[in-house]
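To start, the structure under review is shown below, and the notes come after it.
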Amino acid sequence: MVAVSRRAAATAGAPARVALVTGASRGIGRAIALRLARDGATVAVHYGRGEAEAVATVAAIAESGGSAFAVKADLGEAEGPERLAEAFGRILRDRFGTAGFDILVNNAGIGRRARIDAVSRAEFDRILTVNLKAPFFLTQILLPHLRDGGRIINLSSMGTRAAYPEMAAYAPAKAGLEALTRLLAVDLGGRGITVNAVLPGATATDMNAGARDPEISREIARTIALGRVGQPEDIASVVGFLASPDGAWVTGQSIDASGGQRL
Ligand SMILES: NC(=O)c1ccc[n+]([C@@H]2O[C@H](COP(=O)([O-])OP(=O)(O)OC[C@H]3O[C@@H](n4cnc5c(N)ncnc54)[C@H](OP(=O)(O)O)[C@@H]3O)[C@@H](O)[C@H]2O)c1
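If you use the numbering used here, the sequence shown closes out at 258, no skipped numbers anywhere.
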């Protein structure tokens, strides 16, 4: 399924910057897509199951004068990264005559709270596939098309910094993503491509229903220096900075965006 905003459809030449945000139908990814569009990028709004939500994200970007299109792929499937890259590249070639792009945000993720004794092999594989394998292979496939001076931003979690036993499969997957972030920063530095990880703390989204519940979020806020849970826009601001020209001298970093949770 492909939805294209009015401005994208009307754009004849190549846009100034193109961004792909995975998992942009909801939550943090949606806020990142809106932010990057506000900053002038044409944004590919990737989604898995949330077609209506992705179309709504594209519409919200169009309403504020930005440019976006939606692109579908299930990143829990082995061929998901290939399908996403293929659909993304096809739209770019058809509309702009180039498959080149500038910003890759690996945001799509899944989380389930479970201690080590409650994680099945199938569940471990699923969490590793979406949270680590998909960003790895999507990056591998898209690297030839990422322009020199580009940006890769990976969404990790502050659960790699503080120990949460109930993140038994999730936190190791995110730690792997951070290791990949650092080595890619070295590998791609010669091309002027920066690679960073952003580590949200408790952020009010579908993934973290507790952070949306007034009572539970008050409890969580006691562990946060700034005294409240995060909103998707708090995380999008950090991603916006890293994606901007002002972020050009920051690479290989894992940047906490938790309001100071569990310091
Ligand atoms: N919320 C928090 O407290 C928190 C804290 C630390 C880190 N994070 C990280 O921040 C990122 C965004 O989290 P969020 O809270 O915004 O999550 P969310 O509200 O649950 O949204 C998850 C997004 O990922 C996409 N996605 C999930 N599984 C997918 C699959 N198999 N194939 C394709 N897309 C898939 C979803 O797309 P569809 O709905 O279209 O399938 C959705 O757009 C994640 O990497 C998460 O680990 C979140």
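Where is the CB? At the ideal position from N, CA and C, for every residue including glycine.
Item checked: Member of LEU258, ILE211, THR189, ILE122 whose CA lies at the smallest distance from the CA of VAL100 -> Ranking LEU258, ILE211, THR189, ILE122 by Cα distance to VAL100 puts THR189 first.
Notebook entry, point to check: For ASN203, which three-state DSSP category applies?
Noted result: Coil.
Check: With burial defined as no fewer than 16 other Cβ atoms inside 10 Å of the residue's Cβ, what is the status of GLY254: buried or exposed?
Finding: So GLY254 counts as buried.
Note to self: Shorter than 6 Å, the distance from the beta carbon of ARG44 to the closest heavy atom of ligand 1, or not?
What the structure shows: The answer is yes for ARG44.
Note to self: To test your reading of the DSSP string, which unbroken beta strand (DSSP E) runs of 3 or more residues are found completely within the stretch 99 to 178?
What the structure shows: Positions of the beta strand (DSSP E) runs, each at least 3 residues long and wholly inside the stretch 99 to 178, are given as 141 to 150 in order along the chain.
Check: Can you tell me the Cα-Cα spacing of LEU15 and ILE86, whole angstroms?
Finding: So the alpha carbons of these two residues sit roughly 12 Å apart.
Check: With 16 other CB atoms within 10 Å as the buried threshold, where does ALA49 fall?
Finding: The residue is buried, with at least 16 neighbouring Cβ atoms inside 10 Å.
Notebook entry, point to check: Among all the DSSP beta bridges, which residues are the ones paired with GLY196?
Noted result: None; GLY196 has no bridge partner.
Margin query: Considering Cα atoms alone, identify which of ALA36, THR176, ALA180, ALA57 is closest to LEU194.
Written below: Checking every option, the nearest Cα to that of LEU194 belongs to THR176.
Note to self: Quick test of the definition: if touching needs 3 or more C-beta pairs under 8 Å, does the stretch 228 to 243 touch the stretch 12 to 27?
What the structure shows: Of all C-beta pairs linking the stretch 228 to 243 to the stretch 12 to 27, three or more are shorter than 8 Å, placing the two stretches in contact.
Next item on the list: Using 6 Å as the cut-off, classify the Cβ of THR246 as near or not near the heavy atoms of ligand 1, replying yes or no.
Entry: For ligand 1, not one heavy atom lies less than 6 Å from the Cβ of THR246.
Next item on the list: Report yes if the CB atom of MET153 is closer than 7 Å to the CB atom of GLN226, and no otherwise.
Entry: Inclusion of MET153 and GLN226 in the CB contact set at 7 Å is not warranted, their separation being larger than that value.
Check: Quick one: Cα of GLY144 to Cα of ARG186, how far?
Finding: If you take the alpha carbons of GLY144 and ARG186, they lie about 6 Å apart.
Item checked: Buried or exposed by the 16-neighbour rule on C-beta atoms within 10 Å, applied to VAL13 -> So VAL13 counts as buried.
Notebook entry, point to check: Between ALA103 and ligand 1, is the CB less than 6 Å from at least one heavy atom?
Noted result: Flag set: Cβ of ALA103 near ligand 1.
Next item on the list: With distances taken Cα to Cα, identify the nearest neighbour of ALA157 among ALA73, ALA199, ALA170, LEU150.
Entry: Minimum Cα distance to ALA157 is reached at ALA170.
Checklist line | Heavy atom of ligand 1 within 6 Å of THR176 beta-carbon | finding: Incorrect: THR176 has no Cβ contact closer than 6 Å to ligand 1.
Checklist line | Sub-7 Å separation of ARG30 and GLY205 beta-carbons | finding: Against a cut-off of 7 Å, the Cβ pair of GLY205 and ARG30 comes out as no contact.
Checklist line | Given ILE148 as reference, the closest of ASP97, PHE119, GLU58 once Cα atoms are compared | finding: The residue among ASP97, PHE119, GLU58 with its C-alpha nearest the C-alpha of ILE148 is ASP97.
Next item on the list: Evaluate ARG146 with the Cβ neighbour count: other Cβ atoms within 10 Å of its Cβ, from every protein chain shown; 16 or more gives buried, anything less gives exposed.
Entry: Its Cβ being crowded by 16 or more others within 10 Å, ARG146 is buried.
Check: Is the beta carbon of HIS140 sitting closer than 7 Å to the one on GLY95?
Finding: Their beta carbons are under 7 Å apart, which means HIS140 touches GLY95 by this criterion.
Margin query: At a cut-off of 6 Å, would you count ARG108 as near ligand 1, judging by its Cβ distance to the nearest heavy atom?
Written below: No, ligand 1 has no heavy atom inside 6 Å of this Cβ.
Next item on the list: Go ahead and label GLU173 buried or exposed: buried means 16 or more other beta carbons lie within 10 angstroms of its beta carbon, across all protein chains shown.
Entry: Buried, by the Cβ-count rule.
Notebook entry, point to check: In whole angstroms, what separates the C-alpha of ALA68 from that of LEU137?
Noted result: Taken atom to atom, the span from the alpha-carbon of ALA68 to that of LEU137 is near 15 Å.
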